[in-house]
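Note sheet for the following structure.
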Amino acid sequence: MEDTNLIIKAKDSIVKALDQNGNGEIDIEDIITLAFKTPGVHVTRANFLQKELYKNHPQAVIDKAIATTPAQAGISSDEIDNIADEVINYERNCVSGISAALGAPGGWAMAATIPADIVQYYGYTLRATQKLLYLYGFPEVDSDEEGIRLDSQTINQLILCLGVMNGVAGANNAIKGMAKALAVGVEKKLLNAALTKGTFYPLVKEIAKWFGIKMTKSIFAGFFKKAIPVVGGIVGGGITFFSFKPCCYRLKAALQDTMLSNPNHKSTSEENSFINSIKDEAFIDVDYKASNSTEEDYDN
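For what it's worth, numbering that gives the first Met the number 0 labels the leading residue of the sequence shown as 0, then goes sequentially.
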């Protein structure tokens with residue numbers, strides 16, 4: 000009975016710590032919101048591109064990359080890909096310390112550390128996401144001056160990226176469709192509407208639903224198995240160092256060939272459907288499933 004009460008209290012404390020939108024559940028919006036409140040998670044596009052490009056390019060080229068895209072500034076795809084690999088490896092190394100902490104024994108007493116560990120993991124994931132978006136031509140991730148408050152359309156764009164990273168079917172085409180919309184100058188208000196109530200929204204909802212189930216299972220996997228430490232349940236749920244690299248590489252692969260990153264990109268029928276639906280303020284129905292690829296699939 001005492002163990003049961005401790006379990007209930009631990010679960011309630013975790014939900015309370017993570018629940019940012021007040022719906023009594025743990026969802027991906029909560030994690031994104033918490034992560035961006037962590038110092039260092041928000042990445043300023045201009046500063047990042049300046050830092051990565053100054054060694055090999057004159058300031059005029061860097062300024063053009065910042066004003067337009069690295070591809071339009073003449074930065075080769077090979078160089079962009081190499082920087083992307085360095086970004087992924089750097090952020091993955093940061094995650095390794097969290098993974099070690101997650102795997103430590105400690106039983107119920109470790110429950111209090113779970114929210115911080117999860118927020119850190121997704122913080123590094125979102126840092127990598129922003130950097131990859133900037134390298135492959137996407138604009139600044141909108142936030143307030145401190146980088147800690149995000150609007151709904153920005154959160155939904157990041158949810159789509161996380162969907163790509165986790166192999167959710169349909170998310171790749173959505174990102175490519177968004178890239179084309181940005182490249183051809185679709186009005187920002189139409190793109191924002193597509194993210195919050197139109198074209199992209201059904202997929203965003205499905206990805207968010209999938210994440211909610213995944214995170215709930217991951218976080219609470221060990222709570223009803225007394226012999227298994229709580230934190231060990233998280234490792235079993237897939238939030239580890241080993242899941243980070245394949246997730247980032249899926250996003251990189253999706254961003255490598257879009258209208259923002261490749262001047263010779265040929266639009267697909269799916270991308271054209273997204274563009275037409277954005278302009279018509281329509282919905283695109285989606286079916287989705289998640290991938291189970293592992294770290295070893297991306298080692299080379």
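We treat Cβ as the ideally placed atom computed from N, Cα and C, and that holds for glycine. Keep in mind the model is a prediction, meaning the values are calculated, not measured.
Item: By DSSP, does residue 168 sit in helix, in strand, or in coil?; Value: coil
Item: From what residue to what residue does the alpha helix (DSSP H) around residue 199 run?; Value: Run containing residue 199: none; DSSP gives neither H nor E here.
Item: If you follow the alpha helix (DSSP H) that residue 45 is in, where does it begin and where does it stop?; Value: 44 to 52
Item: Examine the Cβ distances between the region 70 to 85 and the region 167 to 177 and report whether three or more of them are shorter than 8 Å.; Value: no
Item: At which residues does the alpha helix (DSSP H) containing residue 273 begin and terminate?; Value: 268 to 279
Item: Is the CB-CB distance between residue 131 and residue 156 below 8 Å?; Value: no
Item: For the pair the region 186 to 193 and the region 264 to 271, tell me if three or more CB-CB distances fall below 8 Å.; Value: no
Item: Is residue 33 helix, strand or coil when you go by DSSP?; Value: helix
Item: Pick out whichever of 43, 250, 259, 278 has its Cα sitting closest to the Cα of residue 83.; Value: 250
Item: Which residues in the same chain have their Cβ closer than 6 Å to the Cβ of residue 275, if we skip the five residues on either side of it in sequence?; Value: none
Item: How many angstroms separate the CA atom of residue 32 from the CA atom of residue 25?; Value: 12 Å
Item: Under DSSP, the alpha helix (DSSP H) around residue 62 begins and ends at which residues?; Value: 58 to 66
Item: Could you pull the start and end residues of the alpha helix (DSSP H) that residue 195 belongs to?; Value: 187 to 195
Item: Within 10 angstroms of its Cβ, does residue 129 collect 16 or more other Cβ (buried), or is it exposed?; Value: buried
Item: Determine, using beta carbons only, whether residue 162 and residue 206 come nearer to each other than 8 Å.; Value: yes
Item: For the candidate residues 199, 72, 123, whose alpha-carbon lies nearest to that of residue 36?; Value: 123
Item: Nearest CA to the CA of residue 248: which residue from 259, 160, 183?; Value: 160
Item: May I have the straight-line CA-CA distance separating residue 297 from residue 252, to the nearest angstrom?; Value: Caution is warranted here: a pLDDT of 42 is assigned to residue 297, below 50, making its placement in the model unreliable, and no coordinate value can be reported.
Item: Which term fits residue 300, buried or exposed, when burial requires 16 or more other beta carbons within 10 angstroms of its beta carbon?; Value: Residue 300 is absent from the model: the chain starts at 0 and stops at 299.
Item: State the Cα-Cα distance for the pair residue 279 and residue 257, rounded to the nearest angstrom.; Value: 22 Å
Item: Is it right to say residue 175 is buried, meaning 16 or more other beta carbons lie within 10 angstroms of its own, or is it exposed?; Value: buried
Item: Below 8 Å on the Cβ atoms is my contact criterion, and I expect residue 335 with residue 126 to pass it. Report the Cβ-Cβ distance as a whole number of Å.; Value: The requested residue 335 does not occur in the structure, where the chain is confined to residues 0 to 299.
Item: Under 8 Å between the Cβ atoms of residue 136 and residue 260?; Value: yes
Item: Can you tell me the Cα-Cα spacing of residue 92 and residue 283, whole angstroms?; Value: 38 Å
Item: Exposed or buried, residue 53, counting other C-beta atoms within 10 Å across all chains shown (16 or more means buried)?; Value: exposed
Item: Which value, in whole angstroms, describes the spacing of the CA atoms of residue 204 and residue 151?; Value: 12 Å
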